[in-house]
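I have placed the structure first, in the form of structure tokens, so that the comments after it can refer back to it.
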Amino acid sequence: LVNTQSARSCPTVATTPAAVKAAFTKEGNIFQEKGVVFLDTFVNIGKPDLLERQLWEQFKDILGLSPEENHRAVEEGYRALDHFNNAVLRGQGREVLEMLEREDKIGIVLLGRPYHNDPGINHEILEEFQKLGYPVFAQDSLPIDEDIIWRLFGEEVERGEITHPMDIQDVWKNSYSENTSRKVWAAKYIARHPNLVALELSSFKCGHDAPIYTVVEEIVEHSGTPYFSFKDIDENKPTGSIRIRVETINYFLKRYREDMIANKGKEKSIEERLEEFEARLRRELMQQFEAASPEVFERGHRETIHVPLGALAAPAPPPQQTMVAGD
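Below, the structure is given as structure tokens:
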């Protein structure tokens with residue numbers, strides 16, 4: 019993303035190791051009993067040089083690493099991370115997105131936090147939709163190849179509304195949280211792609227989610243794109259009610275897809291008629307040009323050709339007819 023105020027981590031995600039440690043050492047040190055060494059050192063993956071020093075201090079004695087080995091390991095780690103994020107995650111995301119476009123199908127984008135990829139937290143809602151045939155995208159799996167993002171956001175950049183396709187300043191200026199900013203950008207992405215719909219999950223009465231509930235919903239729904247949400251889900255959420263909602267959403271999406279295909283057919287028909295009309299108009303112009311006498315051009319005079327608006331909707335004339343329909 020560009021032009022964000024900061025990139026602060028989700029506090030729930032950042033403190034998860036401490037919460038895990040507390041849970042397993044509250045009434046006795048289970049790690050010690052099982053012979054497990056639990057490491058919960060904070061590291062900054064956004065600063066490679068700092069990360070290298072932090073990992074060196076943590077693992078130099080445990081693994082007997084030399085500084086050179088630690089350096090190579092960090093480089094390989096970043097290389098693997100970049101490959102996964104771009105070639106694997108976003109690469110497969112592009113393949114699925116192109117399939118949706120070819121086959122006029124619907125994909126669901128998860129708007130959530132990193133922990134919502136955990137089936138224990140998302141209550142397998144994502145799996146339920148996948149069973150029904152809907153591919154589910156994580157925010158980070160949405161392809162950001164230049165041809166795609168400029169197709170979706172290019173007009174807004176040209177109008178000066180944003181400076182770059184990865185800019186969210188037009189809808190959210192308080193962009194301090196990285197996960198919040200990604201969720202807002204993903205909502206914009208969904209709103210501009212006809213084959214995607216939004217599914218927002220929120221847990222633990224998330225304080226970072228609360229300010230953008232309305233923002234995300236309005237971004238998506240303003241474009242006429244379906245928006246669904248499961249908010250404040252926790253371990254006590256009844257499974258039955260979730261399945262009922264999933265089935266209801268499935269029924270709606272089936273109708274939505276039918277309408278999408280029908281509208282696409284109408285647009286294609288209109289485009290074909292426009293192309294047909296343009297071809298007929300060009301033929302008429304050429305015929306009048308060829309029939310014009312040399313004297314007309316010597317005087318600098320050109321005849322005005324009147325094309326009635328009804329010709330746009332007129333059927334194609336028989337082959338022997340040379341006049342524009344409606345004249």
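Residue numbers are given in this note's numbering: position 140 of the sequence shown equals residue 158, and the series is strictly consecutive. Each residue gets a CB set at the ideal place from its N, CA and C atoms; glycine is no exception.
Rounded C-alpha distance that separates K78 from S84:
Working through the sequence shown from its first residue, we reach residue 78 at position 60. Working through the sequence shown from its first residue, we reach residue 84 at position 66. Distance between the alpha carbons of K78 and S84 is about 7 Å.
So, under 8 Å CB-CB, G130 and E239 are touching, yes? Tell me the CB distance rounded to an integer number of Å.
Numbered from its first residue, the sequence shown carries residue 130 at position 112. Numbered from its first residue, the sequence shown carries residue 239 at position 221. Going by Cβ atoms, the distance from G130 to E239 rounds to 18 Å, so no, they are not a contact pair.
Grab the span of the alpha helix (DSSP H) containing S287 for me, first residue to last.
The residue you call residue 287 lines up with position 269 of the sequence shown. Unbroken alpha helix (DSSP H) run through S287: 257–309.
First through last residue of the beta strand (DSSP E) which encompasses S220
Counted from its first residue, the sequence shown places residue 220 at position 202. Looking at the DSSP string, the run of the beta strand (DSSP E) that includes S220 is 214–221.
Exposed or buried, which one is A280 when buried takes at least 16 other CB atoms within 10 Å?
As a first step, residue 280 must be located in the sequence shown, where it is residue number 262. Exposed is the call here.
On the CB-based measure, 16 or more other CB atoms within 10 Å of its CB, does I12 come out buried or exposed?
This structure does not reach residue 12, given that the chain is present from 19 up to 345, and the question cannot be answered.
Inter-residue spacing [alpha-carbon to alpha-carbon] between R273 and V234:
Looking up residue 273 in the sequence shown gives position 255. Looking up residue 234 in the sequence shown gives position 216. Each residue's alpha carbon lies about 23 Å from the other.
What first and last residue would you give for the beta strand (DSSP E) that runs through G125?
In the sequence shown, the residue the question calls residue 125 occupies position 107. Segment 125–129, the beta strand (DSSP E) holding G125.
Beta-carbon proximity list for T257, same chain, < 8 Å, skipping 5 on both sides:
In the sequence shown, residue 257 corresponds to position 239, counting from 1. Excluding positions up to five away in sequence, the list reads H141.
Check the DSSP bridge columns for S247 and list the partner residues they point to.
Here residue 247 is taken as the residue at index 229 of the sequence shown, counted from 1. Note: S247 sits in a beta bridge opposite E218.
Quick one: any contact between the segment 63–79 and the segment 43–53, if contact means 3 or more CB pairs under 8 Å?
no
With DSSP run on the structure shown, which of helix, strand or coil describes V238?
Along the sequence shown, one-based indexing puts residue 238 at 220. Helix at V238.
Got a sec, what are the start and stop residues for the alpha helix (DSSP H) H182 sits in?
The residue given as residue 182 occupies position 164 in the sequence shown. From DSSP, H182 is part of no alpha helix (DSSP H); its letter is neither H nor E.
In whole angstroms, give me the CA-to-CA distance for A98 and K286.
Locating residue 98 in the sequence shown gives position 80, counting from the first residue. Locating residue 286 in the sequence shown gives position 268, counting from the first residue. Going by the C-alpha atoms only, they are around 44 Å apart.
Alpha carbon to alpha carbon, how far is K282 from C28?
For this step, residue 282 is matched to residue 264 along the sequence shown. For this step, residue 28 is matched to residue 10 along the sequence shown. Spanning the two alpha carbons is a distance of roughly 40 Å.
What would DSSP say about F155, mapped onto helix, strand or coil?
Walking along the sequence shown from the start, residue 155 turns up at place 137. If DSSP states are grouped into helix, strand and coil, F155 belongs with the strands.
Nearest to G242 (by Cα), restricted to the options R275, A309, Y231, T198
By 1-based counting over the sequence shown, the position of residue 242 is 224. Of the candidates R275, A309, Y231, T198, the one whose C-alpha sits nearest the C-alpha of G242 is R275.
When DSSP builds the beta bridges, which residues end up paired with S195?
Position 177 of the sequence shown, counted from the start, is the residue given in the question as residue 195. Answer by DSSP bridge pairing, in chain order: R26.
Just verifying my parser: in three-state terms, what is the DSSP assignment at V92?
For the purposes of this step, residue 92 is identified with residue 74 of the sequence shown, where counting begins at 1. Looking at V92 - three-state DSSP - the assignment turns out to be helix.
Using beta-carbon positions only, say whether I126 and Y152 come within less than 8 Å of one another.
Along the sequence shown, one-based indexing puts residue 126 at 108. Along the sequence shown, one-based indexing puts residue 152 at 134. Yes, the Cβ-Cβ distance between I126 and Y152 is below 8 Å.
Spatial neighbours of G111 within its chain, please: C-beta separation below 7 Å, excluding the five flanking residues on both sides.
The sequence position of residue 111 within the sequence shown is 93, counting from 1. Answer for G111: F155, S159, L160, P161, listed in chain order.
Short of 7 Å in beta carbon distance, which residues of its chain neighbour K249, apart from the five on each side in sequence? Order them along the chain.
Against the sequence shown, residue 249 aligns to sequence position 231. Closer than 7 Å at the Cβ level, and outside the excluded window around K249, lie S220.
Enumerate in chain order the residues of its own chain whose CB-to-CB distance from V114 is below 7 Å, with the five nearest sequence positions on each side excluded.
Locating residue 114 in the sequence shown gives position 96, counting from the first residue. Around V114: G125, P153.
Would you report the Cα separation of T43 and A32, rounded to the nearest angstrom?
Within the sequence shown, numbered from 1, the residue matching residue 43 stands at position 25. Within the sequence shown, numbered from 1, the residue matching residue 32 stands at position 14. Spanning the two alpha carbons is a distance of roughly 19 Å.
Among the residues of its own chain, which have a CB less than 6 Å from the CB of I48, if the five just before and after it don't count?
Taking the first residue of the sequence shown as position 1, residue 48 is located at position 30. Counting only Cβ-Cβ distances below 6 Å, and skipping sequence neighbours, we find F42.
Report all residues from its chain with a CB closer than 6 Å to the CB of I180; omit the five preceding and five following residues, and keep chain order.
Here residue 180 corresponds to residue number 162 of the sequence shown, with the count starting at 1. Cβ within range, chain order: E174, D188.
R230, enclosing alpha helix (DSSP H) - first and last residue:
Translated into the one-based positions of the sequence shown, residue 230 becomes position 212. The residue asked about is misnamed: residue 230 is Ile in this sequence, not Arg. Element bounds for I230: n/a, residue is neither H nor E.
Residue burial classification, H101 (beta-carbon count within 10 angstroms, cutoff 16)
As a first step, residue 101 is located in the sequence shown; it is residue number 83 there, counting from the start. By the 10 Å Cβ count, H101 comes out exposed.
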